[in-house]
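Trainee: Line by line, the protein sequences are chains A and B. According to full-length UniProt numbering, the first sequence is numbered sequentially starting from 1. According to full-length UniProt numbering, the second sequence is numbered sequentially starting from 1. Ideal Cβ placement from N, Cα and C applies to all residues, glycine included.
Number of protein chains: 2
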Amino acid sequence: MDFNEHTATQAVQDSFRNTTDPRLQEVLTALTRHLHAFVRETRPSVEEWERAIQFLTAVGQACSDTRQEFVLLSDVLGVSMLVEALNEREGGTESTVLGPFHMVESPPRALGDSIDLVGEAEPCVVSGRVLSADGTPLPDAEVDVWQCNEHGFYDVQQPGVQPSGNGRGLFHTDAEGRFRFRTVVPSHYPIPTDGPVGRLLEATGRHPYRPAHIHFIVQAEGHTPLTTHVFVAGSPYLDSDAVFAVKQSLIADFARSTDEEAAARHGVQVPFRHAEFDLTLTKEPA
Amino acid sequence: MDFNEHTATQAVQDSFRNTTDPRLQEVLTALTRHLHAFVRETRPSVEEWERAIQFLTAVGQACSDTRQEFVLLSDVLGVSMLVEALNEREGGTESTVLGPFHMVESPPRALGDSIDLVGEAEPCVVSGRVLSADGTPLPDAEVDVWQCNEHGFYDVQQPGVQPSGNGRGLFHTDAEGRFRFRTVVPSHYPIPTDGPVGRLLEATGRHPYRPAHIHFIVQAEGHTPLTTHVFVAGSPYLDSDAVFAVKQSLIADFARSTDEEAAARHGVQVPFRHAEFDLTLTKEPA
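1. I think B/H274 touches B/V125, with their Cβ atoms under 8 Å apart; what is that distance to the nearest whole Å?
2. Assess, as a yes-or-no matter, whether the stretch 255-264 of chain A is touched by the stretch 129-145 of chain A under the definition of 3 or more beta carbon pairs within less than 8 Å.
3. By the criterion of Cβ-Cβ separation under 7 Å, what are the contact partners of B/S164 in chain A?
4. Could you check which residue in A/H223, A/V27 and A/S240 has the C-alpha nearest to that of B/E48?
5. Does the stretch 101-110 of chain B come close enough to the stretch 239-253 of chain B to have 3 or more Cβ pairs within less than 8 Å?
6. So that I know if they touch, is there some Cβ in chain B lying closer than 8 Å to that of A/F70?
7. Counting only beta-carbon atoms, is A/W49 nearer than 8 Å to chain B?
8. Using only the alpha-carbon positions, how far apart do A/V145 and A/K247 sit?
9. Please name the residues in the stretch 82-108 of chain B whose beta-carbon is closer than 7 Å to at least one beta-carbon of chain A, in chain order.
10. How big is the Cα-Cα spacing for B/E120 and A/E41?
11. Looking at A/L279: is its Cβ nearer than 8 Å to the Cβ of A/G169?
12. Residues of the stretch 173-202 of chain A in Cβ contact with chain B at a cutoff of 7 Å, in chain order, please.
13. Three-state secondary structure (DSSP) at A/H102?
14. Under 8 Å: do the stretch 197-213 of chain B and the stretch 165-180 of chain B share three or more Cβ pairs, one atom per stretch?
15. Counting only Cβ-Cβ distances shorter than 8 Å, please list the residues of the stretch 142-155 of chain B near chain A, keeping chain order.
16. Going by beta-carbon coordinates alone, are B/A203 and B/P186 separated by less than 8 Å?
17. Is there a C-beta anywhere in chain B that falls below 8 Å from the one on A/Q248?
18. Looking at B/G195 and B/K283, is the spacing between their C-beta atoms short of 8 Å?
19. Taking 8 Å as the CB-CB cut-off, is B/C63 touching chain A?
20. Compute the distance between the beta-carbons of A/A245 and A/M103, then report whether it is under 8 Å.
21. Identify which residue in B/Q219, B/G99 and B/D155 has its Cα closest to the Cα of B/V71.
22. Kindly list the residues whose CB is nearer than 6 Å to the CB of B/T227, restricted to its own chain and excluding five residues on each side of it in sequence; keep chain order.
23. Less than 8 Å between the CB atoms is what I'm expecting for B/P190 and B/L117, so what's the real figure, rounded?
24. Using 8 Å as the limit for Cβ to Cβ distance, is B/T20 near chain A?
25. Listing by chain order, which chain B residues have their CB less than 7 Å from the CB of A/D2?
26. Residue 356 of chain A touches chain B at which residues, Cβ-Cβ below 8 Å?
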């Protein structure tokens, strides 16, 4: 029988019957059903289909070693956060999106080091502990950190302006599970708007801003890795993040301090900002 | 409230509330619902989501001036044919997919010209009429033709081997609505397998072949343009086209002839092949 509106989905699903990986077959069979249902419901004209092809092509072509426009598209459509939500492990710090800026390796640094290689803004101390869900501190946990600078740009967005590795660091917790590093308070910022995802936001009247945050990936033996942010309390756009990534539990105070003694202890000048929070991992399923 | 599995879809749909183009809002609202439903059903791990991002990125990056991998992806998922089916106009020649090889303009040619610029294979004459649905011949209709050669390659796939414009021609019907050109019988061929779509077919145990065909886009004043193929009767893969594009009504005989008089009339040597068919357009809605 000819391929038509009524036979289409079954025909494509049947074409996947020889897939050796059962999970791949499951995903492609579901994709075919949902994708065809979307097409049937919206009944795109051929011109609309061509525009969709052009848009997706432009998203792919905007990707480079330092830019991931498909992650950005997944982010603004809420898909990244939905995947995070579905993989969320009860009992630990809440997770949030990876985002498109974790495409370079963070340089290994010692506890207390500064990830701010420029030193023009008010210093900020970030400290806390990595804990297991039962409260046990986790020594030698890996804490991968990346953030934009006080003007809202990541290093990879400003080659030649920011030193490579600025705002990034790979730390390991001490014997008490503690981490500590110096930085600057990140700014809220627009996601890149000069590509197809920016055009999508503009066409839909959406602002491109994300509230200020620091990214974390935390890993410790026997525990499920945690990808999350810590958001700066009081930042604009906490209630309308362009990528839907804010969770109330992830907002932390970055309080200003003029405590000379504490400043000296952390190796900064007054006034400085200080955020303190714990990051809790759940045990890997047995 | 936090963005979570249950609030996700509504939150993203709400973000499109300021879209000025109502059709864009309609499509994005439906896309969000179907895409989130797919994600909820398949519950991808973060690693699976990353693989999907990498796959889509690779599809975009495989696109160039002479290659359209996203059209290919749409084709092998049956989306292109589904869009065609939904836009099908009753009463005319059936339509089928555009395919990824219509990315260069066909050179204007006179009726009777050859689109085979190489001349190494058995000649083939293709002729017929462009008609309106009521049977009226349509003079000066534009007939845009493209096909692969006898080895299964389009000109854009073999720069330096095939002359540019080989297998392509833009014709206009005569006063009786007739078109006629010389060519070679195209071969069945694999869609490009050296990119991500090829890897998808391999992983799913699908062959990449398309049965032999000639592409047409036919346009005439007051009529809806027709995008279709004419398939070569007896070609392998007529029952398992990798892009689901075969319709029984589009299969034509490419009969071999040793008629010296006919050969002389068409400007070819015997033996030659000859396919004759009419292409019928429907009137544009008033």
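Mentor: In short, the structure shows the following:
1. Rounded, the Cβ-Cβ distance is 5 Å, consistent with contact.
2. For the pair of segments examined, the stretch 129-145 of chain A was found not to touch the stretch 255-264 of chain A: the number of CB pairs separated by less than 8 Å stays below three.
3. Near B/S164 there are no residues of chain A at all, since even the closest Cβ is about 23 Å away, more than 7 Å.
4. The option with the nearest alpha carbon to B/E48 is A/V27.
5. Between the stretch 101-110 of chain B and the stretch 239-253 of chain B there are fewer than three inter-stretch CB-CB distances shorter than 8 Å, so the stretches are not counted as touching.
6. It does; some Cβ of chain B falls within 8 Å.
7. So yes, A/W49 belongs to the interface.
8. Spanning the alpha carbons of A/V145 and A/K247 requires a straight line of approximately 18 Å.
9. Among the residues of the stretch 82-108 of chain B, those with a Cβ less than 7 Å away from any Cβ of chain A are L82, V83, A85, L86 and N87, in the order of the chain.
10. Each residue's alpha carbon lies about 48 Å from the other.
11. No; because the gap between Cβ atoms is not below 8 Å, this pair is not in contact.
12. Those residues of the stretch 173-202 of chain A that come within reach of chain B (Cβ to Cβ, closer than 7 Å) do not exist; the list is empty.
13. If DSSP states are grouped into helix, strand and coil, A/H102 belongs with coil.
14. Flag = no, the stretch 197-213 of chain B and the stretch 165-180 of chain B do not touch.
15. Those would be none; no residue qualifies.
16. B/A203 is not a Cβ neighbour of B/P186, given a cutoff of 8 Å.
17. At least one CB atom of chain B sits nearer than 8 Å to the CB of A/Q248.
18. Between B/K283 and B/G195, the CB-CB gap reaches or exceeds 8 Å.
19. True, the Cβ-Cβ gap to chain A drops below 8 Å.
20. The answer is no: Cβ separation not under 8 Å.
21. It is B/G99.
22. For B/T227, where only same-chain residues beyond five positions count, the Cβ hits under 6 Å are S95, L98 and I217.
23. B/L117 and B/P190 do not touch by the CB rule: their CB atoms are close to 23 Å apart, not below 8 Å.
24. Chain A, which has a Cβ nearer than 8 Å to the Cβ of B/T20, makes this yes.
25. Within chain B, the residues placing a beta-carbon under 7 Å from that of A/D2 are K247 and Q248, ordered along the chain.
26. Absent from the structure is residue 356 of chain A, since the part of chain A shown begins at 1 and ends at 286.
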